[in-house]
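Undergrad: Here's a structure for you.
Protein chains: 2
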Amino acid sequence: MSTPTDALQRLRRVHEDAVLSALRSAGALSRAQLTERTGLSRTTLFAIVSDLMERGAVIETEAAPAEPRGRGRPATLVSLNPAAGLLVGLDLGRGRVRLAVANAAHQVVATASAGLPEGAGPLEQAEAAVRLVREVAAERGIGLGALEAVGLGLVGVVDEHVPAVTLTGPGAPASPASREPGPGAARVPARYLPLVLRVAEEFGVRVAVDNNARLAALAEATWGVARPARDMVYVRWSVGVGGGFLAGGRLLRGAHGAGGELGHVSLDPAGPACHCGGRGCLEGRIGGQRLLDACAARGVALESLDALVTAAQDRVPAVCAVVAEAAADLGRVLAGTVTQLDPSLVVVGGELAALGSLVLDPIRDAISGQALPRSPRQIEVTQADLGVNASAMGAIALLLHEEPSIPAHLRPAIP
Amino acid sequence: MSTPTDALQRLRRVHEDAVLSALRSAGALSRAQLTERTGLSRTTLFAIVSDLMERGAVIETEAAPAEPRGRGRPATLVSLNPAAGLLVGLDLGRGRVRLAVANAAHQVVATASAGLPEGAGPLEQAEAAVRLVREVAAERGIGLGALEAVGLGLVGVVDEHVPAVTLTGPGAPASPASREPGPGAARVPARYLPLVLRVAEEFGVRVAVDNNARLAALAEATWGVARPARDMVYVRWSVGVGGGFLAGGRLLRGAHGAGGELGHVSLDPAGPACHCGGRGCLEGRIGGQRLLDACAARGVALESLDALVTAAQDRVPAVCAVVAEAAADLGRVLAGTVTQLDPSLVVVGGELAALGSLVLDPIRDAISGQALPRSPRQIEVTQADLGVNASAMGAIALLLHEEPSIPAHLRPAIP
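Protein sequence lines correspond, in order, to chains A and B. Start counting at 1 in the first sequence, then tack on 61, and there's your number in our numbering. Start counting at 1 in the second sequence, then tack on 61, and there's your number in our numbering.
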């Protein structure tokens, strides 16, 4: 049941949404016109506009005097602040930080990346990320004064939790009191907290974080192949095996931020030990290093996953066999996922997805043989659309996702 | 991105919510008081109240004249209609129909059940359900004129879809035009459509349907052991094996209404054929009949699942061994589910759950060995709280779930 406070919070947010929507479609409007269009009382409308102005979301302009007015004062119009709405997404992956920048219209206007030293700690990652953002902004003439929020994609399993860092105003200090997570906000593992605080401090805006495989899934749902899907299973097959699920149009995060995990589903509880502590995990059977080892055991020495992909594209028999067997194992896990989650779409991303039917066909066979016989449904299995910047773009989508029409920083802080 | 129409729809719904919330907490209020409390303009408030009155959700009463007024007309107050808000939940299970009735305060005020003939078709089920509702209403003096909506729990896999039947007003005909599904509404398999239409026609109210294992999960989350959980895995272990998942506080339905399936997850793609067309399915290994057969193979003949539960409670060794092995298989599937969905709680319902630790411990072992080593999290594995009426209660929860504070019939139709 919603409480009266919930209802008021929601009411206020929807009122803001209505005001912003009206301004988005009409351009500039007077307060009287806004009152009329939104159905709000004069008092409520004035309070909301003044709050939005304080937060820099809307600005006041003078209307051209159409007719002489009694007190000689021209009417003022309210419009969206054109200098607001820049969003930055950062993907802090293994060995590389990737950046995407989107404008107020939610279009990606710049992407870039920079290498990270092997085994870089959170603070090193933060410095590299900050440097990349500053460099790209300077090079491409992007004014960071218009920056609204930063989304961060992080690697790995969430194993410890602190409330998310939420800085509600430009330059607001990262005080403990402001670290209340919004509903559904991902929580930050303690080891990443210094990184998140450093980025928040540097830019003085709200920072949201999530697992970067989940963010790649969200990017596919926002800009990529999964755009029409509301129920989607995404797997990223690369050095590791990551995943992200969309259920009813929302990213499935789980109770501890670990939802969407596929790499550590066990195929055989009596199988070989995995670095995670489990046994017979999918990642131990089909992860990048395991594939290289399997190729070597069949007499084909390859120095990298890229070389393996090329060899498979060149149809080297031993490499193709290794990939096809691994894809069948992935398919077996995905068949279970499909049975339980009933998606309309399974999206395969990561380097291995470039192999197309060699990878997709064994997955399709496993799903149709194990998940679909009981009820013939149309479940598409397809390659991801987006490239290496998917997670950085997903970090932007994260900032838009829960209530897409309201930029995150415009939302009232939830007490 | 939300469209202007979305925003207006949402605005209108939230305005109604605010009016209903104010009335719920304050009792009766004048329109002037409602204007003040909700921040709405006079025009908007009057339109919303008049719309709510037309739909029978609120009524007008005359206030006691506190002071003489200019035009001698007493102020009128608006309050919730006490004769509205009755909700009926029906669970059309194998061999039995179960009924739960809830009042406007969402409290269950009556439950009952009736047998169904073996192999009863949808129309027979509908007649039995209608008869049960009429009988219980007559016996307990429940006025069906106050009936708002009916929730139906149905057995089996959804294999074909038609839009949900939505009758928006009392006595509204089930015209094809009114069959537009709301967002997230379950769709009705064609074989059940006559049943749904019959119930809708009989009572002239909105009918919502869902799978009855999912509804049992929803009931546990609304009234039972899963009340605080927002991410929960529910399994019902009985003659069949059913399931339901809560993700981020919402029932996971899937793209084709088959989300939450656990019984047909394959443990062994090369295993014995299952009636679903797959191989090595969980239900084929641990379903009620399979357990009875396994006991018989070990020299213990039992005539029913109840007898099996009793024998296990009496610690008959062969029966305990069969149950423990089956629970380990269930645990293996649930470990995969937990890895992927990251719930805070796993709830075991159905007849077998009565065996407590005999069933729960092997599940806990499987989850902690296979799903948790990589990240020590607190995931509780526990018995369901609710009894045989869980699915009928869940059918009521379904009517409240998506927007709990607005009875479903009060929502404006979505064009």
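Note that the Cβ used here is the ideal one computed from N, Cα and C, for glycine as well.
In the DSSP assignment, what are the bridge partners of Ser174 of chain B?
TA: The residue given as residue 174 of chain B occupies position 113 in the second sequence. Paired residues: B:Arg159.
Undergrad: How big is the Cα-Cα spacing for Gly202 of chain A and Ala89 of chain A?
TA: Counted from its first residue, the first sequence places residue 202 of chain A at position 141. Counted from its first residue, the first sequence places residue 89 of chain A at position 28. Cα to Cα, the separation comes out at about 27 Å.
Undergrad: Alpha carbon to alpha carbon, what distance is there between Ala280 of chain B and Arg195 of chain A?
TA: Within the first sequence, numbered from 1, the residue matching residue 195 of chain A stands at position 134. Within the second sequence, numbered from 1, the residue matching residue 280 of chain B stands at position 219. Computed Cα separation, rounded: 52 Å.
Undergrad: Measure from the C-beta of Ala319 of chain B to each C-beta in chain A and report whether the shortest distance is under 8 Å.
TA: In the second sequence, the residue the question calls residue 319 of chain B occupies position 258. It does; some Cβ of chain A falls within 8 Å.
Undergrad: By Cβ distance below 8 Å, which residues in the same chain neighbour Asp426 of chain A in space, the five residues on each side in sequence not counted?
TA: Position 365 of the first sequence holds residue 426 of chain A. The answer, listed in chain order, is Ala389, Gly392.
Undergrad: In angstroms with no decimal places, state the Cα-to-Cα distance between Leu312 of chain B and Gln439 of chain A.
TA: Indexing the second sequence from 1 puts residue 312 of chain B at position 251. Indexing the first sequence from 1 puts residue 439 of chain A at position 378. Between Leu312 of chain B and Gln439 of chain A, the C-alpha separation is close to 22 Å.
Undergrad: Beta-carbon separation of Val394 of chain A and Val449 of chain A under 8 Å?
TA: The residue given as residue 394 of chain A occupies position 333 in the first sequence. The residue given as residue 449 of chain A occupies position 388 in the first sequence. For Val394 of chain A and Val449 of chain A, no; Cβs fall outside 8 Å.
Undergrad: Tell me the DSSP secondary structure of Gln439 of chain B in three-state form.
TA: As a working mapping, residue 439 of chain B is identified with position 378 in the second sequence. Note: Gln439 of chain B maps to coil in three-state DSSP.
Undergrad: Please classify Gly417 of chain B as buried or exposed, where buried requires at least 16 other C-beta atoms within 10 Å of its C-beta.
TA: For the purposes of this step, residue 417 of chain B is identified with residue 356 of the second sequence, where counting begins at 1. Exposed, because fewer than 16 other Cβ atoms sit within 10 Å of the Cβ of Gly417 of chain B.
Undergrad: Taking 8 Å as the threshold (C-beta atoms), are Val302 of chain A and Glu344 of chain A in contact?
TA: As a position in the first sequence, residue 344 of chain A is number 283, starting the count at 1. As a position in the first sequence, residue 302 of chain A is number 241, starting the count at 1. Going by C-beta atoms, Glu344 of chain A is nearer than 8 Å to Val302 of chain A.
Undergrad: So with CB distances below 8 Å, who are the chain A contacts of Gln431 of chain B?
TA: By one-based count along the second sequence, residue 431 of chain B stands at place 370. Ser327, Pro330, Gly339, Arg340, listed in chain order.
Undergrad: Measure the Cβ-Cβ separation of Gly341 of chain A and Leu276 of chain A and say whether it is below 8 Å.
TA: Your numbering for residue 341 of chain A matches position 280 in the first sequence. Your numbering for residue 276 of chain A matches position 215 in the first sequence. Contact flag unset, no.
Undergrad: Kindly indicate if chain A contains any beta-carbon less than 8 Å away from that of Asp112 of chain B.
TA: By 1-based counting over the second sequence, the position of residue 112 of chain B is 51. Not one chain A Cβ lies under 8 Å of Asp112 of chain B.
Undergrad: Would you mind reading off the limits of the alpha helix (DSSP H) that contains Ile120 of chain A?
TA: Position 59 of the first sequence, counted from the first residue, corresponds to residue 120 of chain A. Run containing Ile120 of chain A: none in the alpha helix (DSSP H); it sits in the beta strand (DSSP E), 119 to 123.
Undergrad: Where in the stretch 78 to 102 of chain A do unbroken runs of the beta strand (DSSP E), each at least 3 residues long, occur, reported from the N-terminal end onward?
TA: If we require 3 residues or more, the stretch 78 to 102 of chain A turns out to have no beta strand (DSSP E) run fully inside it.
Undergrad: How many angstroms separate the CA atom of Ala199 of chain B from the CA atom of Glu262 of chain B?
TA: Taking the first residue of the second sequence as position 1, residue 199 of chain B is located at position 138. Taking the first residue of the second sequence as position 1, residue 262 of chain B is located at position 201. Approximately 19 Å, taken between the alpha carbons.
Undergrad: Span of the beta strand (DSSP E) holding Val211 of chain A?
TA: As a working note, residue 211 of chain A is residue 150 in the first sequence. Val211 of chain A -> beta strand (DSSP E) spans 208 to 215.
Undergrad: Please work out which residues of its chain come closer than 8 Å, Cβ to Cβ, to Cys356 of chain A, disregarding the five sequence neighbours upstream and downstream, and give them in chain order.
TA: For the purposes of this step, residue 356 of chain A is taken as residue 295 along the first sequence, with counting starting at 1. Same-chain partners within the cutoff: Ala362, Leu363, Leu369, Ala372, Ala379, Val380, Val383.
Undergrad: Would you tell me roughly how many angstroms separate the C-alpha atoms of Gly304 of chain B and Arg103 of chain B, rounded to the nearest one?
TA: If you number the second sequence from 1, residue 304 of chain B lands on position 243. If you number the second sequence from 1, residue 103 of chain B lands on position 42. Computed Cα separation, rounded: 49 Å.
Undergrad: Would you say Asp292 of chain B reaches chain A, if we count a Cβ-Cβ gap shorter than 8 Å as a contact?
TA: One-based indexing of the second sequence puts residue 292 of chain B at position 231. With 8 Å as the cut-off, Asp292 of chain B counts as an interface residue toward chain A.
Undergrad: Ala453 of chain A and Leu151 of chain A - do their beta-carbons sit closer together than 8 Å?
TA: For the purposes of this step, residue 151 of chain A is taken as residue 90 along the first sequence, with counting starting at 1. For the purposes of this step, residue 453 of chain A is taken as residue 392 along the first sequence, with counting starting at 1. Closer than 8 Å, so yes.
Undergrad: Are at least three pairs of beta-carbons, each pair with one atom in the stretch 205 to 212 of chain B and one in the stretch 141 to 150 of chain B, less than 8 Å apart?
TA: Yes: at least three Cβ pairs fall under 8 Å.
Undergrad: Quick check on the DSSP output: what are the complete beta strand (DSSP E) runs of length 3 or more inside the stretch 249 to 332 of chain A, in order along the chain?
TA: Qualifying beta strand (DSSP E) stretches, in chain order: 267 to 272, 293 to 298, 302 to 308.
Undergrad: How about Asn273 of chain A and Val191 of chain A: are their beta carbons less than 8 Å apart?
TA: Here residue 273 of chain A is taken as the residue at index 212 of the first sequence, counted from 1. Here residue 191 of chain A is taken as the residue at index 130 of the first sequence, counted from 1. Not closer than 8 Å, so no.
Undergrad: For Glu322 of chain A, return the contacting residues in chain B, with the cut-off set at a CB-CB distance below 8 Å.
TA: Residue 322 of chain A sits at position 261 when you count from the first residue of the first sequence. The contacting residues are Thr400, Gln401, Asp403.
Undergrad: I'd like the span of the beta strand (DSSP E) that includes Leu147 of chain B, first residue to last.
TA: For this step, residue 147 of chain B is matched to residue 86 along the second sequence. 147 to 154 is the span of the beta strand (DSSP E), which, as asked, contains Leu147 of chain B.
Undergrad: Counting only beta-carbon atoms, is Leu141 of chain A nearer than 8 Å to chain B?
TA: Start at 1 with the first residue of the first sequence, and residue 141 of chain A comes out as number 80. No, its Cβ sits nowhere closer than 8 Å to a Cβ of chain B.
Undergrad: Rounded C-beta distance between Val420 of chain B and Val294 of chain B? I'm assuming under 8 Å.
TA: Here residue 420 of chain B corresponds to residue number 359 of the second sequence, with the count starting at 1. Here residue 294 of chain B corresponds to residue number 233 of the second sequence, with the count starting at 1. That pair is no contact at about 15 Å.
Undergrad: Against chain B, which members of the stretch 345 to 369 of chain A pass a CB distance test of less than 8 Å?
TA: Per Cβ criterion, the list is empty.
Undergrad: At a CB distance below 7 Å, what residues from the stretch 294 to 316 of chain B approach chain A? Give them in sequence order.
TA: Here the close residues are Ala308, Gly309, Arg311, Leu313, Arg314, Gly315, Ala316.
Undergrad: Would DSSP call Ala368 of chain B helix, strand or coil?
TA: Numbered from its first residue, the second sequence carries residue 368 of chain B at position 307. Note: Ala368 of chain B maps to helix in three-state DSSP.
Undergrad: Skipping 5 residues on each side, what residues in its chain have a beta carbon closer than 6 Å to that of Gln431 of chain B?
TA: Stepping through the second sequence from its first residue, residue 431 of chain B is reached at position 370. Closer than 6 Å at Cβ, skipping near neighbours: Ala396.
Undergrad: Taking only the alpha-carbon atoms, compute the straight-line gap between Ala118 of chain A and Glu77 of chain A and give it to the nearest angstrom.
TA: Reading the first sequence from its first residue, position 57 is the one you call residue 118 of chain A. Reading the first sequence from its first residue, position 16 is the one you call residue 77 of chain A. Each residue's alpha carbon lies about 11 Å from the other.
Undergrad: So that I know if they touch, is there some Cβ in chain A lying closer than 8 Å to that of Ala79 of chain B?
TA: Counting from one through the second sequence, the residue named residue 79 of chain B turns up at place 18. Closer than 8 Å to some Cβ of chain A, the Cβ of Ala79 of chain B qualifies, so yes.
Undergrad: Return the CA-CA distance between Ala278 of chain B and Asp354 of chain B, expressed in angstroms with no decimal places.
TA: By one-based count along the second sequence, residue 278 of chain B stands at place 217. By one-based count along the second sequence, residue 354 of chain B stands at place 293. The alpha-carbon atoms of Ala278 of chain B and Asp354 of chain B are separated by roughly 29 Å.
Undergrad: Counting only runs of 3+ residues fully inside the stretch 404 to 439 of chain B, write out the beta strand (DSSP E) ranges in chain order.
TA: You should have 406 to 410.
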